[in-house]
Amino acid sequence: MTRWQRPQLPVRGQRRPVPGSRRPQRTQAVSELRAQGLYGPELREVLPAFAGLGLAVLVPVCLLVWLQRTCGVLGLALGVILLASGAVVALRVRRAVVRRRGGRYTAAELARLDERGLAEAAARILQRDGWRVVDLTLQQGRRRLHARDRRGRQLDVAFRSEATAGEGQNWRAALVERGRPGADRPIQVIVHPGRFSRADMLWASRQGDVHLLNGRQLRRWASGASLDDLGLPR
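First residue of the sequence shown: -5, per our numbering; consecutive thereafter.
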């Protein structure tokens, strides 16, 4: 005969464990979607953008209202013209910034770059063409980049400024690396915004793995040509 047992009632204040609670499952699902890039940003991530957008709309509206109350229709028209001009200028500046980040520079922009800016531009251009770039400036003590492409080719990119253009042959020993013999030795690329002398070009041709990039080739490179188009040794 089966003995009847009184069911145990839960103690007050004690919650019965729920197998497979929804909160851990949802957290895990959100984490997986974020890892795959399929889940949108959180509110705290987009709130600054919404705040900036609100200010960008509110400030011009307040300015136009103030001009209309102060100067009438003429002030309102003047405010619209000023805001439209500012929007056009801001759009052009943004397009130029996006273009430079994508590795494309005009000749005028290259002419304004110092050695640091030239190294940053070269890194962006290399990344544009599919090279993986590592900045070795801190390690080497001078502006220097190391790059590798999908074919396994390696580049050692150095920069010769206008200030060192008249130093004769001393710059060659300072810019060209000689510490890695063998097949994995990188191609030496020396970027100079000016012109190399005939002696420099003859010296580079004798090395076999040194490619001189002068100002004319630099402008072509920055406008969209690849290093292969500019005669990079294969």
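Where is the CB? At the ideal position from N, CA and C, for every residue including glycine.
Rounded to the nearest whole angstrom, the C-alpha separation of Ala102 and Thr64 is 43 Å. Taking C-beta separations shorter than 7 Å and ignoring five residues to either side along the sequence, the partners of Ser220 in its chain run Asp123, following chain order. Cβ-Cβ separation between Gln121 and Val127: approximately 6 Å, consistent with a contact (criterion under 8 Å). When DSSP reads this structure, Phe153 sits in a beta bridge with Val185.
According to the DSSP assignment, Asp129 belongs to the beta strand (DSSP E) that extends over 126 to 129.
By the CB criterion at 8 Å, Leu104 and Arg213 fall inside the cutoff. Sorting Pro180, Glu114, Arg118 by C-alpha distance to the C-alpha of Gln148 places Pro180 at the top. The distance from the Cβ of Arg98 to that of Gly218 is about 6 Å, consistent with a contact at the 8 Å cut-off. In the DSSP secondary-structure assignment, Arg138 is bridged to Ala152.
With a contact defined as Cβ atoms closer than 8 Å, Ile119 and Ala216 qualify at about 6 Å.
In the DSSP annotation of this structure, the continuous segment of the alpha helix (DSSP H) that includes Leu70 starts and ends at 67 to 95. Residue environment for Gln182: buried (at least 16 other C-beta atoms within 10 angstroms of its C-beta).
Taken in chain order, the complete beta strand (DSSP E) segments of 3 or more residues contained in the segment 186 to 210 are 204 to 207.
Distance from the CA of Val59 to the CA of Leu70, rounded to the nearest whole angstrom, comes to 8 Å. In the DSSP assignment, Arg110 falls within the alpha helix (DSSP H) that extends over 109 to 122.
Taking C-alpha positions only, Leu57 is separated from Leu41 by approximately 24 Å. Counting other Cβ atoms within 10 Å of its Cβ, Gly225 stays below 16 and is therefore classed as exposed.
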